[in-house]
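Please read the structure below before turning to the comments.
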Amino acid sequence: MAFDDSDEVQVADSQVVRDDYIDSQPSPELTNYDINVMALRSLLLQASFNYERMQAGGWLYTLIPALRKIHKNPQDLSNSMKMHMEFINLHPFDVTFLSGLVLAMEKNKERVPTIRAVKVALMGPLGGIGDALFWLTLLPICAGIGVSLALQGSLFGPIIFLLMFNIVHFALRFGLAHYGYRAGTKAIAMLKVHTKNISHAASIVGMTVIGALVASYVHLSTPLIMKAGEAKVALQTEVLDKLMPNLLPLAFTLLVYWLMKKGISPVKLIGITVVFGVAGKLVGFL
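FYI, the numbering for the sequence shown is 1 to 286, going by the UniProt record's numbering.
In structure tokens, the structure reads:
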């Protein structure tokens, strides 16, 4: 199947002016100090968290020193910063792998849609890995050891917990930052040859993740019962679910996407969703 730039990942509220950089020459390598600064600033990833762009402000704050070193052309820097202010939502502890990879791509002046596609494709997987690694594995183990010591009357219980958890946390945060940057640098040759194919594949992965999120997190059902004589048919369980599970969540998500394309802001859409939910519950539709 033919693939062109129109198939690349696009963002409804993007302010990006160009898809490529005016200065297309790769910049000098970032130093270990630059990567460490990026990893340290990533601690503030969620400092400006909001429901429109999620962690975009903190994400850009993480990258700004390196971006300024990479993009000497003011227009290129502005375009890059606008792209990095688009919606992003990552696990706060393994975010540095993606930021390191993105900096490697920025350093080699990859096209904006390619960088965006990689970000979209890795958001979901990194979130799942982070939850499994930190919240479901590391935290219970460290907390269990700390609580066990505390219950025995040791004052070192909470100290051991904090030390164990944060030693692993910071080792991974800084280690993944360097690994992501180095891996990205080695992958640049492949990216240059297969940019369009990678963008296409990343778009497919991104859409797959979005589809899974819709099915998992958008909850919408109706208790309506249709009557035909003495027969009663539950609209949700006996009609909609048999046609397609999660049909209503999918329809509502597509409606919201269509409204965004029409220029309605995410904040207004949140308000519309709240009003729709309350009204639907009051009239018995939801």
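Glycine included, each C-beta is placed from N, C-alpha and C at the ideal position.
| Item | Value |
| --- | --- |
| Between Phe165 and the rest of its own chain, which residues show a CB-CB distance below 7 Å, the 5 nearest in sequence each way excluded? | Leu138, Leu139, Cys142 |
| Does DSSP classify Asn108 as helix, strand or coil? | coil |
| I need the straight-line Cα distance from Met85 to Leu151, nearest angstrom please. | 46 Å |
| Given this structure, state the Cα-to-Cα distance separating Leu149 from Ile159, to the nearest angstrom. | 10 Å |
| Rounding to the nearest angstrom, what Cα-Cα distance links Val9 and Phe97 in this structure? | Legend: pLDDT at Val9 = 48, less than 50; position of this residue unreliable, value from coordinates given subsequently. Approximately 21 Å, taken between the alpha carbons. |
| Would you please state the rounded distance, in angstroms, between the beta carbons of Lys72 and Val16? I believe it to be under 8 Å. | In fact, because the Cβ distance is near 19 Å, the residues do not count as touching under 8 Å. |
| With DSSP run on the structure shown, which of helix, strand or coil describes Val218? | coil |
| Just checking my contact of Ile35 with Gly130 at CB under 8 Å: how many whole Å lie between their CB atoms? | No, Ile35 and Gly130 are not in contact; Cβ-Cβ is about 19 Å, not under 8 Å. |
| Can you look up Ile210 in the DSSP assignment and give me helix, strand or coil? | helix |
| Using only the alpha-carbon positions, how far apart do Arg68 and Lys242 sit? | 54 Å |
| Measure how close the beta-carbons of Leu90 and Gln55 come, nearest whole angstrom, since I'm counting them as under 8 Å. | 6 Å |
| Would you please state the rounded distance, in angstroms, between the beta carbons of Met105 and Gly184? I believe it to be under 8 Å. | 6 Å |
| Take the Cβ of Ser80 as the centre, count every other Cβ of all protein chains shown within 10 Å, and call the residue buried at 16 or more, exposed below. | buried |
| Quick one: using the 10 Å Cβ neighbour count with 16 as the cut-off for buried, is Asp4 buried or exposed? | Per-residue confidence for Asp4 stands at a pLDDT of 42, beneath the threshold of 50, marking its modelled position as unreliable; the derived number appears in the next sentence. Exposed, because fewer than 16 other Cβ atoms sit within 10 Å of the Cβ of Asp4. |
| Contact between the segment 21 to 30 and the segment 39 to 47: three or more CB pairs below 8 Å? | no |
| Have a look at the DSSP bridge pairing and note the partners of Asn50. | Met54 |
| List the residues that DSSP assigns as beta-bridge partners of Ile88. | Met54 |
| Do you know offhand how far Glu52's Cα is from Pro266's? | 6 Å |
| Between Thr253 and Val283, is the Cβ-Cβ spacing less than 8 Å? | no |
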